[in-house]
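Structure first, commentary second.
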């Protein structure tokens, strides 16, 4: 599959140029155009991604558990593929290759449904992947791209529980909502991240400033970047002085509650606004940060449970008891003590590969690697046992 | 909770008598009346079930995995409750108590929705459980029964993904279909079992007769009982002679394909009919068995994949290579070599307790015990790490 991608670079880049030309004549913004655009290095990177996944250990067939019952039957819990996995995504054509290879590696067939803006690129990439899979002796049709991109297709696919065992939607609210409301089969959402850092009264304030700055500014457009900082009342003035100095350098717009606003305004912080109600539940995906002063760790936990999206949340403190209270009370996929939320990532977890980050609770929560693309079955070996 | 159930036996039995009186004046059959009916021993059995679950180890907080990354962050994968679990079920009031205690044991709140025929019994049982939970210091409302039983309520509950994290429907096709088509949250179906035994040409025929007889007749009304036997052509005459003799004693009606029909008819088997097409995909839940002669293990596998429900399927053979082919090719929750399918059961697996048997592939497959009523989260402990 990697070889075929490289061998067909020219066709893929021509198809991509066609997509880009149409996108430029449409209303796609610069960031979207950048995400859509391929070049020889990006095609090479897709092929490199495939080779890296191919080199990982095969999770299928792993013996997860085994035991023998008093009647002598031996029970084996064995890792197996899920079946047919539907991936619904938007924009970036490299997802076509990444998602397909992860599904194939785990023994699944895959039905891909990308966005209309990338359809020519996706078709060319899928043709290359299919050709590679055929050459490797995989069944025909183990990788398929839905060749049409009408919205209606998402609903139709979501109703095909007879043929599709799992749908993974990756994209904006409208896409996720369309899938969730129509789907008859299991769905593992890759939805929004409203991630929050709480700076406790016992925090190392320099560490807190580092973590907040990293989690907000290192890559603001991703789901594990933070949108809100909560700070304990007693350390708010000192913390906001240090934070304001750092975030001003990075051109971050702050949307602060009244207490924080007064403090930052006194400092002369320039890009400053009063926080509106909707700011606490908005995924800015940009250099914008909401700020609120709270009375206690319990208030912080209550805020996170109410406004957060249960993705990745962090406490900065030196106090172990407070940290443990936070780690156990906050019901999020990943909860941090003194580290940046940006580590919620299959690569950073050491999974070797990642299909995405589940914002659902069942089957897979947080970063989804190869194991999360499998299920299990029970194999039972006996010598004639019957139930009495 | 167990103590309160016993203390309130009288109220529970009075409510149950009321349900039974209404059921008798309606159109409920004898089997349904039997399932609906409570007596002091059955209330005591429910309380015993609660005490047994209470004595099991607590799965919540279990450290599933932990590792340290090169940058020093320590990642802990910890078992946690799912949240709010909705259980939708029919008929037997003891499910109210069984399901509630399993959810509470695993730290979940539960929203129960039983059938209209048992509503007074269910309300009385739930009041007792709630009172017990309160006395044990559990939060108010950790156990709730939907007090109305209109069909519309199933759809409304299935749309409440803001409040309910998982729905487990246990019941007939219409109920499951209503949940699956409406649900916005994950669903783990407890649906039908079309379980199949394949008797290979290398089978020990006496063992095969024992297994088939047990799997069909020991308790025909449950999902892990078999509905179809496939037998290899070369051993069909000898096997059917032995099987016919045993099943005639048990009054089993056989629905046979032409080859098997000729053989059984020559033997003078009385309760014999020609199999109709729909017999291969019918869950009889009764002393009825479909019989088909096949050419090979591959034909058996193809039949199972086409007509079975991927619940529990079995091969009887002495040949290890054939057995392994079957065990790996049949994509069912539980696949057996030389043992009765009746072992697909939380108790028989040694799980200590069971909420039911999942016929879905994700999160939980096959018998669902306490672990399957939990999920996990990642707790990450660092000392100021940020992502570069």
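Protein chains in written order, with the working numbering: chain A, 640 to 1027; chain B, 640 to 1027. Note that beta-carbon positions come from the ideal geometry of N, C-alpha and C, so glycine has one too. If you're wondering where the values come from, they're calculated on a predicted model, not measured in any experiment.
Between residue i and the rest of its own chain, which residues show a CB-CB distance below 7 Å, the 5 nearest in sequence each way excluded?
i	result
residue 856(B)	889, 891, 926
residue 826(A)	806, 808, 818, 819
residue 979(A)	850, 853, 854
residue 844(A)	874, 877, 878, 881
residue 971(A)	947, 949, 950, 951, 952
residue 714(B)	705, 706, 708, 1017, 1019
Where residue i and residue j are concerned, what is the direct C-alpha to C-alpha distance, given to the nearest angstrom?
i	j	result
residue 962(B)	residue 954(B)	7 Å
residue 967(A)	residue 717(B)	10 Å
residue 693(B)	residue 1007(B)	17 Å
residue 695(A)	residue 991(A)	7 Å
residue 670(A)	residue 648(A)	23 Å
residue 679(A)	residue 652(A)	8 Å
residue 981(B)	residue 956(B)	18 Å
residue 762(A)	residue 900(B)	53 Å
residue 874(A)	residue 939(A)	14 Å
residue 673(B)	residue 790(B)	23 Å
residue 815(B)	residue 794(B)	11 Å
residue 885(A)	residue 946(A)	26 Å
residue 842(A)	residue 934(A)	14 Å
residue 708(B)	residue 753(B)	48 Å
residue 942(A)	residue 923(A)	18 Å
residue 650(B)	residue 776(B)	23 Å
residue 887(B)	residue 936(B)	27 Å
residue 824(A)	residue 821(B)	11 Å
residue 664(B)	residue 863(B)	33 Å
residue 916(B)	residue 768(A)	40 Å
Smallest Cα separation from residue i: which of the options?
i	options	result
residue 910(B)	936(B), 754(B), 760(B), 930(B)	930(B)
residue 944(B)	705(B), 869(B), 893(B)	869(B)
residue 658(B)	907(B), 758(B), 776(B), 648(B)	758(B)
residue 965(A)	1018(A), 1024(A), 835(A)	835(A)
residue 861(A)	871(A), 832(A), 664(A), 798(A)	832(A)
residue 1020(B)	949(A), 903(A), 959(A), 1025(A)	959(A)
residue 1063(B)	907(B), 897(B), 957(B), 1016(B)	What is shown of chain B runs 640 to 1027, which leaves residue 1063(B) out entirely.
residue 828(A)	796(A), 984(A), 1005(A)	1005(A)
residue 688(B)	739(B), 823(B), 815(B)	739(B)
residue 728(B)	813(B), 712(B), 654(B)	813(B)
residue 725(A)	690(A), 859(A), 711(A), 792(A)	792(A)
residue 975(B)	904(B), 865(B), 753(B), 935(B)	865(B)
residue 1000(A)	768(A), 795(A), 691(A), 830(A)	830(A)
residue 641(A)	766(A), 654(A), 1022(A), 665(A)	766(A)
residue 1011(B)	1002(B), 897(B), 933(B)	1002(B)
residue 749(B)	783(B), 969(B), 902(B)	783(B)
residue 781(B)	837(B), 753(B), 723(B), 802(B)	723(B)
residue 801(A)	983(B), 690(B), 948(B)	948(B)
One question on the structure: do residue i and residue j come within less than 9 Å of each other, judged by their Cβ atoms?
i	j	result
residue 771(A)	residue 643(A)	yes
residue 1026(A)	residue 798(B)	no
residue 677(B)	residue 730(B)	no
residue 1030(B)	residue 871(B)	No statement about residue 1030(B) is possible, as the shown extent of chain B runs from 640 to 1027 and does not include it.
residue 683(B)	residue 645(B)	yes
residue 706(A)	residue 985(B)	no
residue 744(A)	residue 1009(A)	yes
residue 950(B)	residue 973(B)	yes
residue 741(A)	residue 785(A)	no
residue 1022(A)	residue 711(A)	yes
residue 1024(A)	residue 655(B)	no
Which same chain residues, not among the five before or five after residue i, have their C-beta less than 6 Å away from its C-beta?
i	result
residue 736(A)	685, 764
residue 721(A)	747, 804, 805, 1014
residue 894(B)	912, 914, 918, 929
residue 733(B)	685
residue 788(A)	755, 758
residue 779(B)	none
residue 898(B)	932
residue 837(A)	869, 939, 954
Cutting at 8 Å between CB atoms, please list the residues of its own chain near residue i, excluding the five before and the five after it.
i	result
residue 667(B)	675, 756
residue 662(B)	671, 672, 675, 756
| field | Given 8 Å, three or more beta-carbon pairs between the segment 700–716 of chain A and the segment 986–1004 of chain A | value | no
| request: Determine contact between the segment 838–848 of chain B and the segment 870–879 of chain B, defined as no fewer than three beta-carbon pairs at a distance below 8 Å. | output: yes
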